[in-house]
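Residue numbers (full-length UniProt numbering): 1 to 438.
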Ligand SMILES: Nc1nc2c(ncn2[C@@H]2O[C@H](COP(=O)(O)OP(=O)(O)O)[C@@H](O)[C@H]2O)c(=O)[nH]1
Ligand SMILES: [Mg+2]
């Protein structure tokens with residue numbers, strides 16, 4: 001059964017992995033200013049923001065009576081997990097804080113082998129980089145370190161690990177490959193399955209390289225190219241340039257931006273997001289997580305809310321911290337960036353949200369009419385699952401229904417769909433699964 005996607009946060013000690021994880025979730029992983037605070041991989045649930053199916057105007061019964069009312073489906077959208085606000089849904093996604101990567105990890109330095117073992121479960125990586133340059137390669141406090149070095153170094157650690165393991169076995173592997181007349185995909189997948197690879201990942205890697213020689217004739221250079229390609233394919237990576245609130249960040253961001261494609265880079269300040277959420281929880285400010293909107297009591301009074309929204313008074317110190325944060329982060333970048341980090345990771349992974357419904361005409365989870373026996377409107381789109389790009393209707397069925405035999409699958413309008421069809425955003429992503437022998 002296809003499992004749920006997992007996104008791993010990686011990076012050198014003190015780059016801000018635990019802080020980023022915390023800023024995306026509500027748990028409080030231990031945050032510290034010294035290496036190896038996070039000894040065990042720390043799993044948590046983050047929330048990915050997506051446009052919900054309930055906000056689509058093309059769906060039947062979804063025209064708002066007037067432009068001030070939300071569409072009826074949007075009003076009735078009540079997710080079992082996460083929330084849906086004005087058509088933007090937060091869908092839970094599993095995150096893993098992987099600690100202990102230092103240069104030389106593939107040789108067992110730091111928590112090297114443990115780190116690399118945890119990596120195999122990841123479908124995509126968020127490389128958290130300390131762009132302030134205030135931590136050195138090992139994560140110790142310094143000033144003026146060049147963080148662009150970290151980006152190349154992380155990939156080379158993973159490549160060295162995979163390549164080292166492969167080269168140890170290359171002789172025997174080559175003989176077996178020739179003896180049993182295996183394909184290159186079969187032989188490599190035999191070695192790469194331990195990294196959570198699939199035959200499809202290996203096939204894509206080899207297709208992109210378009211190598212001329214058969215596997216038994218590959219030289220060391222070619223093998224290294226294959227491993228590089230495999231690492232790119234198996235571990236698509238987003239680079240989170242963290243600590244943009246720091247005064248030294250700008251020049252480093254500028255340098256890194258010249259070296260990497262913009263789709264891979266996201267600017268963020270994990271600590272700012274944590275700070276704002278904490279103040280909001282303590283009722284000092286009004287803040288929509290991930291947005292640029294922060295209102296204090298004074299702001300609200302100025303805007304005509306006489307009681308200041310019921311918010312508490314801020315002391316001078318907090319006031320100046322907030323105004324500093326607005327100047328350094330929110331007004332310059334539009335947000336603290338942490339939600340974008342997660343969305344971008346979902347993009348590179350190609351995640352497609354699918355909305356399974358029990359009843360394809362009401363989008364509800366029960367049978368029958370739109371209203372229950374007491375006249376209340378029933379909730380719609382209770383569930384949403386994230387599947388990988390390229391998943392078929394049958395893949396989604398198995399993920400949700402397990403081994404139960406499939407009778408048929410319907411989409412909007414009660415249209416039956418073939419199990420081989422591929423699901424995509426806005427296409428076959430609202431499905432009703434019928435169990436039983438067809
Ligand atoms: N200025 C600044 N410091 C941060 C930010 N994120 C994390 N830190 C600090 O960096 C240090 C290490 O953070 P932590 O999340 O424990 O890093 P980890 O070792 O990668 O998990 C802590 O002192 C954090 O407060 C940020 O966005 N800005
Ligand atoms: Mg940590």
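Note that beta-carbon positions come from the ideal geometry of N, C-alpha and C, so glycine has one too.
In terms of side-chain proximity, the C-beta atom of residue 18 is found nearer than 7 Å to a non-hydrogen atom of ligand 2. For residue 416, the enclosing beta strand (DSSP E) has its first and last residue at 415 to 417. Counting C-beta atoms within 10 angstroms of its own C-beta, residue 262 has fewer than 16 neighbours from the protein chains shown and is therefore classed as exposed. Per the coordinates, the alpha-carbon of residue 11 lies some 27 Å from the alpha-carbon of residue 324. Note that the C-beta distance between residue 43 and residue 94 is below 8 Å. For ligand 2, no non-hydrogen atom lies closer than 7 Å to the CB of residue 240. In this structure, residue 386 places its C-beta atom within 8 Å of the C-beta atom of residue 5. A residue is called buried when at least 16 other Cβ atoms come within 10 angstroms of its Cβ; residue 212 does not meet this threshold and is exposed. For residue 128, the Cβ falls inside the 7 Å cut-off from some heavy atom of ligand 1. Check the Cα spacing between residue 356 and each of 376, 346, 381: the tightest is with 381.
Under DSSP, residue 145 forms no beta bridge with any residue.
Pairing residue 360 with residue 414 gives a Cβ-Cβ distance under 8 Å.
When the Cα atoms are used, residue 136 and residue 129 turn out to be separated by approximately 11 Å. Residue burial annotation: residue 270 is buried, with at least 16 other C-beta atoms found within 10 angstroms of its C-beta. A residue is called buried when at least 16 other Cβ atoms come within 10 angstroms of its Cβ; residue 180 does not meet this threshold and is exposed. The Cβ neighbour count for residue 64, taken over all protein chains shown within 10 Å, is under 16; the residue is labelled exposed. By the neighbour-count criterion, in which 16 or more other beta carbons inside 10 Å mark a residue as buried, residue 362 falls on the buried side. Between residue 248 and residue 352, the C-beta gap is not smaller than 8 Å, which leaves the two residues out of contact.
The Cβ atoms of residue 71 and residue 90 lie no closer than 8 Å to each other. Distances from the CB of residue 271 to the heavy atoms of ligand 1 include at least one below 7 Å. A check of alpha carbon separations from residue 146 across 119, 66, 303, 254 identifies 254 as the nearest. Per the DSSP secondary-structure output, residue 157 pairs with nothing in a beta bridge.
In the assembly as shown, residue 293 is an exposed residue. Its beta-carbon has fewer than 16 other beta-carbons within 10 Å. In this structure, the beta-carbon distance from residue 87 to residue 51 falls below 8 Å.
Under the criterion of beta carbons closer than 8 Å, residue 205 and residue 190 do not qualify as touching, at roughly 14 Å. The beta carbon of residue 392 sits closer than 6 Å to the beta carbons of 420, 422 from its chain, once the five residues preceding and following it are set aside; these are given in chain order. A residue is called buried when at least 16 other Cβ atoms come within 10 angstroms of its Cβ; residue 122 meets this threshold and is buried.
Between ligand 2 and residue 99, a heavy atom-to-CB distance of less than 7 Å is present. With at least 16 other beta carbons inside 10 angstroms of its own, residue 17 counts as buried.
Checking the 7 Å criterion, the Cβ of residue 190 is out of range of every heavy atom belonging to ligand 1.
Sequence-distant partners of residue 301 (beyond 5 residues in either direction) whose C-beta falls short of 6 Å from its own C-beta, in its chain, are 308. The nearest non-hydrogen atom of ligand 1 is 7 Å or more from the C-beta of residue 144.
Rounded to whole angstroms, residue 402 and residue 394 show a C-alpha spacing of 10 Å. One thing to note: residue 278 has its Cβ no nearer than 8 Å to the Cβ of residue 289. Going by DSSP, residue 352 is part of the beta strand (DSSP E) stretching over 351 to 356.
If the five residues before and after residue 231 are omitted, its C-beta is found closer than 8 Å to the C-beta atoms of 155, 158, 159, 162, all from its own chain and listed in chain order.
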